[in-house]
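Report on the following structure.
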Amino acid sequence: MTKLINRIIIVTGGNGLLGKEIISKLVSEGAFCINFDINHETNDDLSSMKCDITDTKSVDSCIDLILKKYDRIDGLVNNAYPRTKDWGAKFEDIPYGSWQKNMDYQLNSYFYISQQVSKKMMLQESGSIINMASVYGIVGPDFTVYNGTEMTMPAAYAAIKGGVINFTRYLASYLGKYNIRVNTISPGGIFDNQNQIFVDNYNKKVPMQRMGLPDDISPSVVFLLSEDAKYITGQNLAIDGGWTAI
């Protein structure tokens, strides 16, 4: 398979559940992926780079290294999910400072890396950016799926993901004249060995009666980065087993 042959693509948070599967799928389609993740050191071939996306200097340094070696960036997948240690607190217990930090960590980091990568894409007059959002950026959370557990949906998550979706529309409108496409993927719940009560509650609600898996998401990342999607921009693709259809 060669839909992305020799494309230079950055994937942030590539060590995570979705990130690993996305990178594996992109590589299988011929791409050279650069994994920006805070949890490893830089490799000689630049396939894995220690990058803290919440630190502008770290982002700048990593992008500079890529451009010195390859002089181009064909794709960016904003997938990283940085958050504070108190992530998951109930709404009434969230400290204001925590809310601010999570907005900065996630939404603001997506802004900065997209801004810096798009500068090179504008010169190239080509590129594709994908922002990972969530169904909870489209609809409000269904708190009944958490009944019987200590789990909840953090308030910042919905605000951040909704912001990511509309930020994508802004970028698509602004960058379209440079032949740069920007789209969002909004997964539904992804199975990650969560509390079984939650999993059962979730499965009862979603039309396809199961949680998503990483390999349900990765093929659409390939599609949106490839020439098969050359006239698609500003869109939000919900991959959710029908969650947002009801």
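Sequential numbering of the sequence shown, starting at 4, is according to the working numbering. Positions of the beta carbon are idealized from the N, C-alpha and C atoms, including for glycine. Everything numeric in this text was worked out from a predicted model, so none of it was measured.
- According to DSSP, residue pairing for Asp40 in a beta bridge involves Lys53.
- For the pair of segments examined, the region 104–122 was found to touch the region 154–167: the number of CB pairs separated by less than 8 Å reaches three.
- Ranked by Cα distance from Glu24, the first of Ser223, Leu240, Gln197 and Ala232 is Ser223.
- Bounds of the beta strand (DSSP E) holding Pro190 are Ile183 to Pro190.
- By the neighbour-count criterion, in which a residue is buried when 16 or more other Cβ atoms sit within 10 angstroms of its Cβ, Asn196 is exposed.
- Assigned with DSSP and collapsed to three states, Ala34 falls in coil, not helix or strand.
- By the neighbour-count definition (other C-beta atoms within 10 Å, threshold 16), Phe94 is an exposed residue.
- Ranked by Cα distance from Glu230, the options Gly130, Glu153, Lys208 and Ala162 are led by Gly130.
- Setting aside the 5 residues that flank it on each side, Gln118 has no residue in the same chain whose C-beta is closer than 8 Å to its C-beta.
- In this structure, DSSP gives Met214 a state outside helix and strand, which the three-state scheme calls coil.
- Between the C-alpha atoms of Lys71 and Ser64 there is a straight-line separation of about 11 Å.
- Across the set Ala232, Val209 and Val148, the C-alpha of Val148 shows the shortest separation from the C-alpha of Asn198.
- Within its own chain, the residues whose Cβ lies closer than 7 Å to the Cβ of Ala241, once the five positions on either side in sequence are excluded, are Val138, Ile141, Ser189 and Thr247, listed in chain order.
- With a beta-carbon spacing of about 7 Å, Ala232 and Arg184 fall inside the 8 Å limit used to define contacts.
- Counting along the chain, no beta strand (DSSP E) covers Val120; the unbroken alpha helix (DSSP H) around it starts and ends at Ser112 to Gln127.
- Cβ atoms of Ile8 and Gly33 come within 8 Å of each other, at about 4 Å.
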